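Notes for the one structure printed next.
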Ligand SMILES: [Zn+2]
């Protein structure tokens, strides 16, 4: 049994060993890209230690009240905190509230649990406040932090956690899992597995919100149009995108979609046997690969990644987008 997860076998094996040997760590840090399943795994850990009728050591039943409340993230001994918005800031007051509830004895569970999502968004004050808890953790408390990358966190935090790096499932495994666990039709499961690159959480998010899939199509259509557009149209597009109120969030979503398309172009141009991500855009990808070749695809990827990087460093969005528009290849 793999905790009803698709992929993540090494992580589950390790965690079960900790539970079986009574060697549970006070704090875990789960890392990996967005949508890979960090939160789900965190909830599984809490279920595994707090299940009321486990099938064995570290084998939650998923049926008891405790398992179900944890699944719904509404258990009296479970606190989950995160920055209010994506790319926002996790505040010191949220850590203080968490510390208060962790200092009480468990209400009904074996362990009180604190799950701190997207901890890279913690303010310096919040990170330092948490450090106190990590240095002197209360008894019968388990903390689980998640972050995209441990390098984004204070080294003093990381060194006090057992770090578990999560990797995407293989495309095949993800596609099969989506069919078996979620009853998704084979063709759609394949597409979702490819688009998500084996990040099952992201695949499910797309599945459950058709508008996100639609948005992806719109962005890919935009890119397709931009490639044959002149400078004026490209600049108008940049200006429209960067004047959006949530432009940073939008760009952080749109640029990876474009990068994934150019990676496909690169793969096809290089004649690689690796499957493309954007299965439904195969014709476009082949056309661009034929026209622009490996070098063109590489330039586009570099330009897009540079823009993403600049945005993460709060560089003027409009300016960096305009530069991107000049750098994107012309078909
Ligand atoms: Zn249970």
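In the working numbering, the protein residues as written are 1025 to 1355. Positions of the beta carbon are idealized from the N, C-alpha and C atoms, including for glycine. Small disclaimer: the values here were computed from a predicted structure and weren't measured.
Worksheet item: In its own chain, which residues sit with a C-beta less than 6 Å from the C-beta of residue 1246, not counting the 5 before and 5 after it?
Response: Non-local beta-carbon contacts of residue 1246 in its own chain, meaning distances under 6 Å to residues more than five positions away in sequence, are absent.
Worksheet entry | Assigned secondary structure, residue 1170 (DSSP; H/G/I helix, E/B strand, else coil) | If DSSP states are grouped into helix, strand and coil, residue 1170 belongs with the strands.
Fill in: Beta carbon of residue 1344 nearer than 8 Å to that of residue 1334
yes
Discussion item. Check this for me: beta carbons of residue 1222 and residue 1301, under 8 Å apart or not?
Written reply: no
Discussion item. Determine whether the beta carbon atoms of residue 1112 and residue 1126 lie at a separation below 8 Å.
Written reply: no
Practice prompt. Below 7 Å CB to CB, which residues in the same chain sit around residue 1278 once its five sequence neighbours on both sides are set aside?
Written response: 1243
Worksheet item: Any idea what DSSP makes of residue 1105, helix, strand or coil?
Response: strand
Worksheet item: Quick one: what does DSSP say residue 1055 is sitting in, helix, strand or coil?
Response: Strand, per DSSP.
Practice prompt. Just the C-alpha distance for residue 1303 and residue 1232, rounded to the nearest angstrom, thanks.
Written response: 19 Å
Fill in: Cβ-heavy atom distance, residue 1336 to ligand 1, below 7 Å
no
Discussion item. Taking the alpha carbon of residue 1119 as the reference point, which residue from 1146, 1133 and 1322 has its own alpha carbon closest?
Written reply: 1146
Practice prompt. Indicate whether the contact test is met: 3 or more Cβ pairs, each with one atom in the stretch 1180-1194 and one in the stretch 1040-1056, closer than 8 Å.
Written response: yes
Discussion item. Any heavy atom of ligand 1 inside 7 Å of the beta-carbon of residue 1090?
Written reply: It does: the Cβ of residue 1090 is within 7 Å (strictly closer) of some heavy atom of ligand 1.
Discussion item. Ligand 1 and residue 1098: does the residue's C-beta get closer than 7 Å to at least one heavy atom of that ligand?
Written reply: Outside the cutoff, so no.
Fill in: Coil, strand or helix - residue 1247 by DSSP
helix
Worksheet item: What residues are listed by DSSP as bridge partners for residue 1337?
Response: None; residue 1337 has no bridge partner.
Worksheet item: Which residue's Cα is closest to the Cα of residue 1041: 1062, 1029 and 1081?
Response: 1081
Worksheet item: So is the beta-carbon of residue 1085 under 7 Å away from any non-hydrogen atom of ligand 1?
Response: Result yes, Cβ under 7 Å from ligand 1.
Worksheet entry | DSSP state of residue 1139 mapped onto helix, strand, coil | strand
Item to complete: Would you kindly check if the distance between the Cβ of residue 1061 and the Cβ of residue 1029 is under 8 Å?
Response: yes
Item to complete: Jot down the residue ranges of each uninterrupted alpha helix (DSSP H) in the stretch 1055-1131, minimum 4 residues, whole runs only, in chain order.
Response: Within the stretch 1055-1131, the complete alpha helix (DSSP H) runs of at least 4 residues are 1062-1074, 1089-1095 and 1116-1126.
Item to complete: Return the chain-ordered list of same chain residues with a C-beta closer than 7 Å to the C-beta of residue 1132, the five sequence neighbours on each side being excluded.
Response: 1100 and 1101
Worksheet item: From residue 1140 to residue 1355, what distance separates their C-alpha atoms?
Response: 45 Å
Worksheet item: Any chance the CB of residue 1093 is under 7 Å from a heavy atom of ligand 1?
Response: no
Fill in: C-alpha distance - residue 1313 paired with residue 1260, whole-angstrom precision
26 Å
Practice prompt. Taking only the alpha-carbon atoms, compute the straight-line gap between residue 1225 and residue 1316 and give it to the nearest angstrom.
Written response: 34 Å
Discussion item. Let's see if you can read the secondary structure: which residues bound the alpha helix (DSSP H) around residue 1196?
Written reply: Run containing residue 1196: 1195-1206, per the alpha helix (DSSP H) assignment.
Worksheet item: How long is the line joining the alpha carbons of residue 1086 and residue 1092, rounded to whole angstroms?
Response: In this structure, the straight-line span from the alpha carbon of residue 1086 to that of residue 1092 is close to 6 Å.
Discussion item. Tell me the rounded alpha-carbon separation between residue 1234 and residue 1241.
Written reply: About 11 Å.
Fill in: Residue range of the beta strand (DSSP E) that includes residue 1030
No beta strand (DSSP E) contains residue 1030, which DSSP labels as neither H nor E.
Worksheet item: Can we count residue 1076 as close to ligand 1, meaning its CB is less than 7 Å from some heavy atom?
Response: Between ligand 1 and the CB of residue 1076, the shortest heavy atom gap is smaller than 7 Å.
Item to complete: Starting from residue 1160, follow the alpha helix (DSSP H) in both directions and report where the run begins and ends.
Response: Premise fails: residue 1160 is in no alpha helix (DSSP H) and is neither H nor E.
Worksheet item: Nearest CA to the CA of residue 1281: which residue from 1253, 1332, 1257 and 1269?
Response: 1332
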